[in-house]
Amino acid sequence: MKNTKPIRLPAVAGSFYQANPEALKRQIEECFTGEYGPGRLPVVTEGPLNSVVGLVCPHAGYMYSGYAAAHSFASLASDGQPELVVLIGPNHRGWGRPISVAADGAWQTPLGTVDVDRQAAQKLLSECKEAYDDPLGHTGEHSLEVQLPFLQYLYGNNFRILPIVVYTFGFRTMCELGTAVASVVRDKNAVIIASSDFTHYEPESIARRKDMAALKHILELDAENLCRTVEDMDITMCGAGPIIAMLTAAKLLGATSAKLNTYYSSGAITGDTSEVVGYASVTIMR
């Protein structure tokens, strides 16, 4: 019988990251070893995850934010090997449902193909009334796709994913999503990755002030005050909703602490500090 499993093909290979597999591996290694990265290649700890519950990872082109992403994935690698990775990111185009779940099939990158965890997806859809099985929301979207090559570099294709994109950032709705995610992954060897860049296209000094205010609440695991601060300070971080959902889930799963691994802006890469985008790496732990 012919396999008809739907495959999501990469949308930003060749632009956000290298399309050639070997070139992509070299690019990822540069993110780990480069000036703004962790400074060394990661060592994967054998066995299930021990303490890491969630991550905040950026999603710009690797030449800009890949170093910050490498910090997140280095912290994950040192903690163990997840069997399920829940990916929550912003839907930049606004296509599809406000909460769009990729509930079937597999996602392909130049490094191979990773299966969607159908059982986890169906449980999420039953637990969160505002979530829908909607591939349209993932069409052309980069915020989750750019996480996959890092994960594949670490773990091959030996994990499953639950991809979720949102374009509604309402606090109540994101808390409901986070509560559902916690229910889905409880008692599983899983990590929840919230994909977000921080302030967009403001001067370096302003971006850093705003981003530090947001990061303060993330490090305190305080989703409610994060939401309030983002609104009050007009912080243009595109993944505020995904982070709120991740923090909600993480606390329900026993998270007690967070670590800021790195923060820098695009100005550090380009030298132009007049209009920057902020990038941060945060690890959430039990």
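So in this note's numbering, the last one in the sequence shown is 425, and the numbering has no gaps at all.
All C-beta atoms in this analysis are idealised placements derived from N, C-alpha and C, irrespective of residue type, glycine included.
Give the single residue among the options whose Cα lies nearest to the Cα of residue i.
{"i": "Asn-426", "options": "Cys-267, Asp-254, Asp-336 and Thr-312", "result": "The structure shown does not extend to residue 426, since the chain spans only 140 to 425, so no value can be given for it."}
{"i": "Trp-234", "options": "Ala-216, Tyr-418 and His-281", "result": "His-281"}
{"i": "Pro-426", "options": "Ile-332, Ala-242, Phe-155 and Pro-160", "result": "No answer is possible for residue 426: it lies beyond the span of the chain, which begins at 140 and ends at 425."}
{"i": "Ile-331", "options": "Thr-338, Ala-209 and Gly-228", "result": "Gly-228"}
{"i": "Leu-250", "options": "Pro-197, Thr-143 and Ala-158", "result": "Ala-158"}
{"i": "Val-224", "options": "Cys-314, Ala-162 and Asn-328", "result": "Asn-328"}
{"i": "Asp-326", "options": "Thr-409, Val-192 and Tyr-271", "result": "Val-192"}
{"i": "Ala-209", "options": "Ser-239, Gly-173 and Glu-315", "result": "Gly-173"}
{"i": "Cys-314", "options": "Thr-248, Cys-267 and Gln-166", "result": "Cys-267"}
{"i": "Ala-333", "options": "Pro-197, Pro-160, Arg-147 and Ala-162", "result": "Pro-197"}
{"i": "Gly-178", "options": "Ser-404, Ser-405, Gln-286 and Asn-400", "result": "Asn-400"}
{"i": "Tyr-201", "options": "Pro-181, Leu-287, Ala-259 and Trp-246", "result": "Leu-287"}
Just list the residues that DSSP pairs residue i with in beta bridges.
{"i": "Leu-163", "result": "Bridge partners of Leu-163: none, in fact."}
{"i": "Cys-377", "result": "Beta-bridge pairing links Cys-377 to no other residue."}
{"i": "Ile-227", "result": "Ile-303 and Ala-333"}
{"i": "Gly-417", "result": "Ser-404"}
{"i": "Cys-196", "result": "Ser-334"}
Using 10 angstroms around the beta-carbon of residue i, count the other beta-carbons present and answer buried if the total reaches 16, otherwise exposed.
{"i": "Val-305", "result": "buried"}
{"i": "Glu-359", "result": "exposed"}
{"i": "Asp-276", "result": "Here residue 276 turns out to be Gly, not Asp, going by the sequence shown. Per the 10 Å Cβ criterion, buried."}
{"i": "Leu-301", "result": "buried"}
{"i": "Ile-357", "result": "buried"}
{"i": "Asp-411", "result": "exposed"}
{"i": "Asp-371", "result": "exposed"}
{"i": "Ile-383", "result": "buried"}
{"i": "Thr-312", "result": "buried"}
{"i": "Ser-344", "result": "exposed"}
{"i": "Thr-143", "result": "exposed"}
{"i": "Ala-162", "result": "exposed"}
Please work out which residues of its chain come closer than 6 Å, Cβ to Cβ, to residue i, disregarding the five sequence neighbours upstream and downstream, and give them in chain order.
{"i": "Val-183", "result": "Ala-216 and Leu-293"}
{"i": "Tyr-402", "result": "Ala-419"}
{"i": "Ile-423", "result": "Val-192, Gly-193, Ala-389, Ala-394 and Ala-397"}
{"i": "Asp-273", "result": "Gly-235, Arg-236 and Ser-239"}
{"i": "Ile-408", "result": "Tyr-203"}
Keeping to the same chain, check which residues put their C-beta closer than 8 Å to that of residue i; ignore five residues upstream and five downstream.
{"i": "Cys-377", "result": "Pro-229, His-231, Ser-282, Ser-335, Asp-336 and His-339"}
{"i": "Phe-310", "result": "Ala-362, Glu-363, Cys-366 and Ile-383"}
Looking only at its own chain, which residues have a Cβ that is under 7 Å from the Cβ of residue i, when we skip the five neighbours before and after it?
{"i": "Ser-413", "result": "Pro-342"}
{"i": "Arg-425", "result": "Ser-190, Val-192, Gly-393, Ala-394 and Thr-395"}
{"i": "Pro-221", "result": "Leu-188, Phe-298, Asn-328, Ala-329 and Val-330"}
_My parser needs the alpha helix (DSSP H) runs of 4 or more residues fully inside the stretch 247-329; what are they?_
Note on the stretch 247-329: whole alpha helix (DSSP H) runs with a minimum of 4 residues are 257-266, 287-294 and 310-324, in chain order.
*asked:* Quick check for students: name the residue ranges of the alpha helix (DSSP H) that lie wholly in the stretch 340-405, counting only runs of 4 or more.
replied: Runs of the alpha helix (DSSP H) inside the stretch 340-405: 343-358, 362-371 and 379-391.
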